[in-house]
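Input: a single structure, listed below in structure tokens.
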Amino acid sequence: MTDLINRYVYAVTQKLPVPQRADIEMELRGLIEDMLEDRGAPGDAASREDVEQVLLKLGPPNEMAARYRVKERYLIGPGLIDGYWSVLKIVIYSLVIFLSISYIIEYFSSTDSSGETLLEYFVTILSVSIQGFAWVTGIFAFIEYLGARTDKAKDWEPSHLEPVPDSATRIKPIEPMIGFLASILFFVVFTFSIDWIGVIRFSGEQSFNIPVFDKEAFAIYLPFIWAVTAIGILKDTMKLILRKWTSQLVAVHLIFNVVFTIAAIVILSDPAIMNPTFMNQLVDANLLTTGEESYNTVNRIWNQSREGLIYIIIIINLMDTVSVGMKWFRHKDGPRVLSK
Amino acid sequence: MSEDQEILHGLVQELRRGTIIIGVLSQLSEPQYGYSLVAILQEKGIGVEAGTLYPLLRRLEKQGLLESQWDTNEARPRKYYIISKMGKEIYSQLYREWKDMMTSLEGLVDAKEEKRDP
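Right under this line is the structure:
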């Protein structure tokens, strides 16, 4: 009957920190033998029933191990678990929805209607959902870790309390929600449907699709897109949890703006990412005629488009940074004197 | 178990949690191993599960109230616990605190009873 005892002891000790295991194992075995002896069935004389009765008295291994652990540790604790589930749902649902839309467009516009694309679609949904799950879990574990560290601060004083956010500094839940949708849309479009950023017309024989970007050349920059998406999700997760501007959130938001701007500059500085035959395709589609005034105008815009986009992104990010900075200062300007 | 019985059971458990520590410290001026301590406490009317007591002994040892030693000479190895010097001091203070609490509580409850039936 030692097999049952072994199983019980193993079930308890594997849930305990490694350095304590051997000692607690020895102690538990001693206890079980003492209890068996108490029932008049020492060691080898114990029947299966005796052992079962003793183990029942000790209770489920989970609870036994919980009593031995001094402090419960969490990857994602009770304070964050609700937020975790809602963010996970938003991210996974929007991934599935946007990927499905992308697939449907692909399906109806593609001449190759074999079943292969359907299988591909499911494989993509599965692998992307797993990635999304890993990102969200990693982000929450990180926030939990930060929280667990700050909770330990023993020199807390009532004057450290954050002011109650007024309507100007409070973040409405809709804001991070839109943020999640934008991040996921950004991710799906650039990773899976980059062909569809362009000049498109659907009408029977005259259908055409002239992409702006060159898919193969753009592919090497995808890690930048993924990094921006990941930091974007981190930023919006913190917004959803904190619901107000704090120095940590402002820092993450600024990091997001910086990474986004750098990624945009790096990607848009490479001429190879643009579709090299864009202008010719426009002419082939009878949208423009070489030599005409309109052709020259479009050509000029096309040639300066990368540079123009860089400026636009820098200006938008600067404006956003200033507006976040102002919100933060207003928030800090509560009962506390500015110390920084 | 009916619902109010369950509530009562939970509250009693909470009350006992602290008193078990006093009981344990009171019995450890002589070295005892876990199961012998369960038997002693049981005999004196303090029923405590081994599954509760063993982790408690370990915690008290970590806090420095108890000292322990494995005895491997017997048929099966046993971990003997004995109260430490610091444990003795804390025990006497804890016991006094508990007495004071009892007195205050009795005062509260008695005053209420007198009011009700004069």
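From first to last, the protein sequence lines are chains B and Y.
With UniProt numbering, letter number 177 in the first sequence gets 177, and the count goes up by one each step, no holes.
With UniProt numbering, letter number 71 in the second sequence gets 71, and the count goes up by one each step, no holes.
Where a beta carbon is used, it is the ideal one built from N, C-alpha and C, also for glycine.
Small disclaimer: the values here were computed from a predicted structure and weren't measured.
**OP:** Indicate whether at least one CB of chain Y lies closer than 8 Å to the CB of G232 of chain B.
**Re:** Translated into positions along the first sequence, residue 232 of chain B becomes position 232. Chain Y contact via Cβ: absent.
**OP:** Mind listing the chain B neighbours of P31 of chain Y? Cutoff is C-beta to C-beta under 7 Å, in chain order.
**Re:** Counting from one through the second sequence, the residue named residue 31 of chain Y turns up at place 31. Those within 7 Å of P31 of chain Y in chain B number zero; the least Cβ separation is about 15 Å.
Subject >> Span of the beta strand (DSSP E) around S68 of chain Y >> reply: For this step, residue 68 of chain Y is matched to residue 68 along the second sequence. Note, S68 of chain Y: beta strand (DSSP E), L66 to D71.
**OP:** Report the neighbours of G59 of chain B on chain Y: residues whose CB is nearer than 7 Å to its CB, in chain order.
**Re:** Within the first sequence, residue 59 of chain B is the residue found at index 59, counting from 1. By Cβ distance, chain Y contributes G51.
**OP:** Take A251 of chain B as the anchor and find which of B:L242, B:L240, B:I262 and B:K235 has the nearest alpha-carbon.
**Re:** Working through the first sequence from its first residue, we reach residue 251 of chain B at position 251. Minimum Cα distance to A251 of chain B is reached at B:K235.
Original post:
What separation, rounded to the nearest whole angstrom, lies between the Cα atoms of I82 of chain Y and S47 of chain B?
Top reply: Numbered from its first residue, the second sequence carries residue 82 of chain Y at position 82. Numbered from its first residue, the first sequence carries residue 47 of chain B at position 47. Roughly 34 Å separates the two Cα atoms.
Subject >> Local conformation of I197 of chain B per DSSP, three classes >> reply: Here residue 197 of chain B refers to the residue found at position 197 when the first sequence is read from its first residue. It is coil, neither helix nor strand.
**OP:** Would you mind giving the Cβ-Cβ distance between E49 of chain B and R76 of chain Y, rounded to the nearest angstrom? I have them listed as a contact below 8 Å.
**Re:** As a first step, residue 49 of chain B is located in the first sequence; it is residue number 49 there, counting from the start. As a first step, residue 76 of chain Y is located in the second sequence; it is residue number 76 there, counting from the start. Contact flag wrong, Cβ pair sits at about 22 Å.
**OP:** Indicate whether the contact test is met: 3 or more Cβ pairs, each with one atom in the stretch 176 to 184 of chain B and one in the stretch 275 to 283 of chain B, closer than 8 Å.
**Re:** Contact fails: fewer than three Cβ-Cβ distances are below 8 Å.
Original post:
Out of B:R201, B:K172, B:P78 and B:Y93, which has the shortest C-alpha to C-alpha gap to I143 of chain B?
Top reply: Working through the first sequence from its first residue, we reach residue 143 of chain B at position 143. Cα-wise, what sits closest to I143 of chain B is B:P78.
Original post:
Can you list the residues of chain B that residue 127 of chain Y reaches, using a CB-CB cut of under 9 Å?
Top reply: Given that chain Y is displayed from residue 1 to residue 118, the structure contains no residue 127 of chain Y and the question cannot be resolved.
Original post:
Closest by CA to A263 of chain B, which one among B:R69, B:T2, B:S159 and B:I231?
Top reply: Numbered from its first residue, the first sequence carries residue 263 of chain B at position 263. Closest in alpha carbon position to A263 of chain B, among B:R69, B:T2, B:S159 and B:I231, is B:I231.
Original post:
Is L249 of chain B near L242 of chain B, with beta carbons less than 8 Å apart?
Top reply: Translated into the one-based positions of the first sequence, residue 249 of chain B becomes position 249. Translated into the one-based positions of the first sequence, residue 242 of chain B becomes position 242. Yes, Cβ-Cβ distance for L249 of chain B and L242 of chain B is below 8 Å.
Original post:
With a cut-off of 8 Å, does the C-beta of R7 of chain B fall near any C-beta of chain Y?
Top reply: If you number the first sequence from 1, residue 7 of chain B lands on position 7. No, R7 of chain B lies away from the interface with chain Y (no Cβ there is under 8 Å from its Cβ).
Subject >> One or two residues paired with N286 of chain B in a DSSP bridge >> reply: What you label residue 286 of chain B is simply residue 286 of the first sequence in a count that begins at 1. DSSP, once it has assigned bridges, lists no residue as partnering N286 of chain B.
Subject >> Delimiting residues of the beta strand (DSSP E) encompassing R78 of chain Y >> reply: Translated into positions along the second sequence, residue 78 of chain Y becomes position 78. From DSSP, the beta strand (DSSP E) with R78 of chain Y extends over R78 to I83.
Original post:
Using a Cβ-Cβ cut-off of 6 Å (strictly less than) and excluding sequence neighbours within five positions of W196 of chain B, which residues of its own chain qualify?
Top reply: Numbered from its first residue, the first sequence carries residue 196 of chain B at position 196. Around W196 of chain B: no qualifying Cβ.
**OP:** Indicate the three-state DSSP secondary structure (helix, strand or coil) for I5 of chain B in the structure shown.
**Re:** Numbered from 1 along the first sequence, position 5 holds the residue referred to as residue 5 of chain B. Reduced to three states, the DSSP call for I5 of chain B is helix.
Subject >> Three-way DSSP call (helix, strand, coil) for P211 of chain B in this model >> reply: The residue given as residue 211 of chain B occupies position 211 in the first sequence. Three-state DSSP puts P211 of chain B in a strand.
**OP:** For the alpha helix (DSSP H) holding Y221 of chain B, just list the boundary residues, first then last.
**Re:** Here residue 221 of chain B refers to the residue found at position 221 when the first sequence is read from its first residue. Neither: Y221 of chain B is in no alpha helix (DSSP H) and is coded neither H nor E.
Original post:
Where D64 of chain Y and I90 of chain Y are concerned, what is the direct C-alpha to C-alpha distance, given to the nearest angstrom?
Top reply: Working through the second sequence from its first residue, we reach residue 64 of chain Y at position 64. Working through the second sequence from its first residue, we reach residue 90 of chain Y at position 90. A small correction: the amino acid at residue 64 of chain Y is Gly; Asp does not occupy that position in the sequence shown. The alpha-carbon atoms of G64 of chain Y and I90 of chain Y are separated by roughly 10 Å.
**OP:** Compare the C-beta of Y68 of chain B against all C-beta atoms of chain Y and say whether one is closer than 8 Å.
**Re:** Working through the first sequence from its first residue, we reach residue 68 of chain B at position 68. Answer yes: the Cβ-Cβ gap between Y68 of chain B and chain Y drops below 8 Å somewhere.
Original post:
Looking at chain B, which residues of the stretch 78 to 100 of chain Y have a Cβ within less than 7 Å of any of its Cβ atoms?
Top reply: From the stretch 78 to 100 of chain Y, only R78 and K79 have a Cβ closer than 7 Å to chain B.
Original post:
Is there at least one Cβ from chain Y nearer than 8 Å to M64 of chain B's Cβ?
Top reply: For the purposes of this step, residue 64 of chain B is taken as the residue at position 64 of the first sequence. At least one C-beta of chain Y is nearer than 8 Å to the C-beta of M64 of chain B.
Original post:
Contact check, R20 of chain Y vs W98 of chain Y under 8 Å by CB: the rounded distance?
Top reply: Your numbering for residue 20 of chain Y matches position 20 in the second sequence. Your numbering for residue 98 of chain Y matches position 98 in the second sequence. It is Ile, not Arg, that sits at residue 20 of chain Y in the sequence shown. I20 of chain Y to W98 of chain Y, Cβ: 12 Å. No contact.
Original post:
In terms of DSSP beta bridges, what is K44 of chain Y paired with?
Top reply: Mapped onto the second sequence, residue 44 of chain Y falls at position 44. In the DSSP output, where bridge partners are listed per residue, K44 of chain Y has none listed.
Original post:
With a Cβ-Cβ cutoff of 8 Å, do L41 of chain Y and Q27 of chain Y count as a contact?
Top reply: Within the second sequence, numbered from 1, the residue matching residue 41 of chain Y stands at position 41. Within the second sequence, numbered from 1, the residue matching residue 27 of chain Y stands at position 27. Cβ distance < 8 Å, so L41 of chain Y and Q27 of chain Y count as in contact.
Original post:
If the cut is a Cβ gap below 7 Å, which residues of chain B does R59 of chain Y touch?
Top reply: Along the second sequence, read from residue 1 onward, the residue named residue 59 of chain Y stands at position 59. Those are V70, listed as they occur along chain B.
Original post:
Taking only beta-carbon atoms, is R76 of chain Y less than 8 Å away from chain B?
Top reply: Start at 1 with the first residue of the second sequence, and residue 76 of chain Y comes out as number 76. Yes - at least one Cβ of chain B is within 8 Å of the one on R76 of chain Y.
Original post:
Quick one: Cα of L55 of chain B to Cα of R69 of chain B, how far?
Top reply: As a position in the first sequence, residue 55 of chain B is number 55, starting the count at 1. As a position in the first sequence, residue 69 of chain B is number 69, starting the count at 1. Distance between the alpha carbons of L55 of chain B and R69 of chain B: 19 Å.
Subject >> Closest Cα partner of V199 of chain B within the set B:L288, B:N6, B:I81 and B:I90 >> reply: Counted from its first residue, the first sequence places residue 199 of chain B at position 199. It is B:L288 whose Cα lies nearest to the Cα of V199 of chain B.
**OP:** Compute the distance between the beta-carbons of residue 342 of chain B and I255 of chain B, then report whether it is under 8 Å.
**Re:** The structure shown does not extend to residue 342 of chain B, since chain B spans only 1 to 340, so no value can be given for it.
**OP:** Write down every uninterrupted run of the alpha helix (DSSP H) in the stretch 53 to 133 of chain B whose length is 4 residues or greater and which is fully enclosed by it, in chain order.
**Re:** Runs found: 61 to 68 and 81 to 109.
Subject >> Where Y33 of chain Y falls, given that 16 or more other Cβ within 10 Å makes a residue buried >> reply: Locating residue 33 of chain Y in the second sequence gives position 33, counting from the first residue. That one is buried.
Subject >> Q20 of chain B, DSSP secondary structure in three states >> reply: Residue 20 of chain B sits at position 20 when you count from the first residue of the first sequence. The answer is helix: DSSP assigns Q20 of chain B an H, G or I state.
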